[in-house]
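Q: When we follow the numbering used here, the leftmost residue of the sequence shown carries the number 117, and every step to the right adds one.
Quick reminder that beta carbons are idealized off the backbone N, C-alpha and C, glycines included.
Remember, it's a predicted structure, so these values are computed and weren't measured experimentally.
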Amino acid sequence: MPENTSTTVEESEAVKTATPGGPVRTKEDKPERVASMWSDAWRDLTHNWVFLVSAVLIVFLLVMAVFPQLFTSQDPYAKGFCDLSNSVVPPSGAHWFGFDVQGCDIYARTIYGARNSIIVGVLTSVLTTLAGGVLGMIAGLRGGWLDAVVSRFTEIWFAIPTLLGGLLVLAMLGSGSVITVSLIMAVLGWPQLFRIMRGSVITNKQNDYVMAARALGANGWRIAMRHILPNAVAPVIVVSTINLGVYISAEAAFSYLGIGVQAPNISWGLMISDGQDRFLSAPHMVLFPSLFLSVTVLAFIMLGEAVRDALDPKLR
């Protein structure tokens, strides 16, 4: 009988390749997806409507802060921008947000006010994350007397309320610029990030993969950068994102009280302070900057909550 040379459909579609001394691979073979905490978190975030909505709002606000000229043709810092004849004129089709007491267009000032408010929030969050994260990483990894000394100092520093301490320092200075407000809040706010990073590092040091890497001869720097840091930084990122909105609202509070960003600079808190005396007769002076401030703070808090849900395996 002749040998049967017919093949099945599956065999005809398979394209077999072989390498000397290697396994036979077919066309259907596909490389396995390498799963990681970050890839899983990103996949969850892209399917989370809270993250998508907050991300769109934040991108819009960042573009508005960096390129305010895209949203208004008026420059509130230009000479002749304010006209007293337009004082407290209510919103209209030509001027959507109306005018303030000085006859300045509130819409243009609100657009330009986003820059200072967001800069303070972003700069403070970056500084607190770097300072608290680096110190927490060092203390958690080294342990011993270094950890004890830094932890005790942090506990003492942590006892100073960030908002109250900032009020006292700025009151002594009289007023503050964007950089000054950011530095003061960063100096007072880093202990929170230190404690979170230190605790996360100590927890991850005891995991099996760290023990295995150490047993295989990996040095301390490689273990810290490749195994501990990528897993320990997740809670720090979550808290920093939420704190960004908190710092924006704190800057608004300082400016509202007259010790934060001051004229001729523009801030949402400063605009709210300028309109408080005429809230009943001209509520638009307070309404629009308050609305933008609330939406900005809410967007960053929503983003932080979504990131927390994605990075916390207990919530999956």
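Can you list, in chain order, the residues of its chain with a C-beta nearer than 8 angstroms to that of Gly282? Leave out the 5 residues immediately preceding and following it.
A: Val297, Ile300, Met301, Leu304, Ala366 and Phe370.
Q: Name the DSSP bridge partner or partners of Asp221?
A: Paired residues: Phe215.
Q: Starting from the Cα of Val354, find the closest Cα among Met327, Val169 and Met313 and give me that residue.
A: If we check each option's Cα against that of Val354, Met313 comes out closest.
Q: Can you find the residues in the same chain that come closer than 7 angstroms, C-beta to C-beta, to Leu251, ignoring five residues on each side of it along the sequence?
A: Excluding positions up to five away in sequence, the list reads Val266 and Phe310.
Q: Would you mind stating whether Thr162 and Pro405 have Cβ atoms separated by less than 7 angstroms?
A: For Thr162 and Pro405, no; Cβs fall outside 7 angstroms.
Q: Find the nearest neighbour of Ala463 within the set Asp160, Asp221 and Ile234, judged by alpha-carbon distance.
A: Coverage of the chain is limited to positions 117 through 432, which leaves residue 463 absent and any answer about it impossible.
Q: Near Asn381, which residues of its chain fall below 7 angstroms by C-beta distance, leaving aside the five closest residues on each side in sequence?
A: Hits under 7 angstroms: Asn232.
Q: Drop a sphere of 10 angstroms on the beta-carbon of Trp261, count the other beta-carbons inside from all chains shown, and report buried for 16 or more, exposed for fewer.
A: Flag for Trp261 reads exposed.
Q: Across the stretch 167-176 and the stretch 400-416, are there enough close Cβ pairs to call them in contact, namely three or more that are closer than 8 angstroms?
A: Yes, the stretch 167-176 touches the stretch 400-416.
Q: Taking only three categories from DSSP, how would you classify Gly138?
A: Reliability of the predicted coordinates at Gly138 is poor, the pLDDT of 47 falling under 50, and no value is obtained from them.
Q: Need the endpoints of the alpha helix (DSSP H) that Thr278 sits in, please.
A: Thr278 -> alpha helix (DSSP H) spans Thr278 to Leu289.
Q: For Ser208 and Ser201, I'd like the C-alpha separation in whole angstroms.
A: Computed Cα separation, rounded: 15 angstroms.
Q: Nearest to Leu289 by alpha carbon, out of Asn320, Gly374, Thr357 and Val238?
A: Looking at the Cα atoms, Gly374 is the closest of the given residues.
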